[in-house]
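Residue 11 in UniProt numbering sits at position 11 of the first sequence; the count goes up by one each step and never skips. Built from N, CA and C at the ideal position, the CB exists for glycine as well. See below for the structure under consideration.
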Amino acid sequence: MGRSPCCEKAHTNKGAWSKEEDQKLISYIKAHGEGCWRSLPKAAGLLRCGKSCRLRWINYLRPNLKRGNFTEEEDELIIRLHGLLGNKWSLIAGRLPGRTDNEIKNYWNTHIKRKLLSQGVDPYNHGPIHHAMALETHRAVAIQSQSKGIAEPNFGEDNSDGGCSERGDNLELDLNLSISLPHYSPKCSDSHANLEANKRSICLCCHLSFRQSGQPCSCLNSDDSNPLVLRLWDS
DNA sequence: AAATCTTGCAACCGCCAACGA
DNA sequence: ATCGTTGGCGGTTGCAAGATT
């Protein structure tokens, strides 16, 4: 049996978006807002899959997108958040205003991964790379560095510390991570009513057992001013 | 100058969870 | 409780541009 396709593939365009298509999508969303991606293409006069429209809007056309190079601060934040959350790109993107999950994912795979490897840090577990692997990486990076004139990474004799401070660093990070609940829309009055009925924050810090120094989480005694929030760290 | 290789990014694909009928 | 639909997410691919040979 299988799933029905998300759209009629035979009559949809694929590949890069043209300026005309972009303009149609922008105009439509400006006039009608986001939502119901399935019916949007037809309504907007686009021969595209709804998913494709959503992706184009989220990753490229949405206003307030910060384009251009990542700053050093953003680099650091991504690395630390990745150490904590793993490949949860959408959550990471939520902490970087103007950046999309796709952009961060690409940036991670093309830049940060390499950067961490060159520092002897395993980009998957954020700990030190196994010595043999590190030597291999060192060799590869040295070759690359020589050809690009980049300073070689410093692999000390004692690699026990290596990049393992990364975990510790995570604890110093002010991860006042909160996941905002979806924007309230009058159409969603039912779900909003449910939220109102359950007005309390869900502390992921407690839920996932992230505790600092064995102290009780402040969620237990704080009077959270914004109850519609998922808390991910004790603040 | 041409051919080949590498890199970076936009877009696609498939899976999954939430939701409503 | 079940099933179909939809939106969202993460992994992967394809292609254009730049770098190298």
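As assigned by DSSP and simplified to three states, the class of residue i
i	result
P41	helix
Residues near residue i by beta carbon distance below 6 Å, same chain, minus five either side
i	result
S52	none
T71	none
Rounded C-alpha distance that separates residue i from residue j
i	j	result
S27	A44	8 Å
C49	S39	9 Å
G83	K24	40 Å
H126	N106	18 Å
K115	C36	40 Å
Q119	N87	20 Å
N69	S18	24 Å
C-beta atoms of residue i and residue j nearer than 9 Å
i	j	result
N59	N102	yes
D22	R56	yes
L47	T12	yes
K66	G98	yes
Beta-carbon contacts of residue i that lie in its chain and below 8 Å, excluding the five residues immediately before and after
i	result
I104	I78, W89, I92, A93 and L96
Cutoff 7 Å; reference residue i; Cβ partners in own chain excluding five residues on either side
i	result
E74	L96
Which runs of the alpha helix (DSSP H), 4 residues or longer, sit entirely within the UniProt domain "Myb-like" (62 to 112)? 72 to 85, 89 to 94 and 101 to 107
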